[in-house]
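Step one of this worksheet: look at the structure below.
In the numbering used here, the protein residues as written are 6 to 176.
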């Protein structure tokens with residue numbers, strides 16, 4: 006049994022009932038521990054509902070979950086050191102590098118893109134009939150919150166501008 010298979014087996018009890026694993030790749034998750042940068046080796050799992058990072062550590066495990074509906078942007082690429090993924094979910098910037106095996110990487114990307122696109126289409130169909138000035142007030146409130154996140158350093162100025170343009174397009 007390979008390391009990825011073993012980690013998938015260990016992660017299975019932490020998935021929701023009926024949740025189906027669609028693709029998985031091994032990688033190094035960049036995070037902060039006690040204020041300093043750290044790298045956790047583990048498995049990045051794409052299910053039918055979310056992206057999950059699972060890592061085994063001394064005396065326990067680490068699991069971070071990102072529902073597809075919360076992922077606002079998704080980037081991927083390849084460098085000399087291997088494939089990498091970066092995405093933004095609920096104000097968190099997530100980076101996973103050194104993804105292996107390369108043969109599973111394309112399948113993982115396809116699963117995530119398909120799930121994000123279907124969530125986006127579902128969200129669009131639910132927002133078909135805005136009523137009165139309430140949506141305009143919601144957009145203004147969201148812009149204020151977004152500005153607060155930018156000022157606090159949670160999101161970059163570039164991310165702020167992208168989201169601001171999306172919100173203003175709703176008016």
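Each residue gets a CB set at the ideal place from its N, CA and C atoms; glycine is no exception.
Between residue 42 and residue 165, the alpha-carbon positions lie close to 24 Å from each other. The alpha-carbon separation between residue 22 and residue 122 amounts to approximately 24 Å.
If you draw a straight line from the Cα of residue 92 to the Cα of residue 109, it comes to about 18 Å. With 16 or more other Cβ atoms from the protein chains shown falling within 10 Å of its own Cβ, residue 89 counts as buried. Within the same chain, and ignoring the five residues on either side of residue 175 in sequence, the residues whose Cβ sits closer than 6 Å to its Cβ are 144. When C-alpha distances from residue 31 are compared across 45, 40, 168, the shortest belongs to 45. The C-beta separation of residue 56 from residue 71 comes to about 5 Å, placing the pair in contact by the 8 Å criterion. For the pair residue 96 and residue 154, the CB atoms are nearer than the 8 Å cut-off. Under a 10 Å Cβ-count criterion, residue 111 is classified as exposed, with fewer than 16 other Cβ atoms of the shown protein chains found around its own Cβ. Scanning its chain for C-beta atoms nearer than 7 Å, with the 5 sequence neighbours on each side dropped, one finds around residue 28 the residues 51, 109, 112, 113, 116, in chain order. A direct Cα-to-Cα measurement between residue 161 and residue 78 gives close to 13 Å.
Distance from the Cα of residue 60 is smallest, within the candidate group 14, 94, 85, 119, for 14. Residue 101 places its beta carbon less than 8 Å from that of residue 33. Contact annotation, residue 58 with residue 40: C-beta distance approximately 20 Å; criterion of less than 8 Å not satisfied. Counting along the chain, residue 15 sits inside no beta strand (DSSP E); it lies in the alpha helix (DSSP H) bounded by residues 8 to 16. Here DSSP, grouped into helix, strand and coil, assigns residue 90 to strand.
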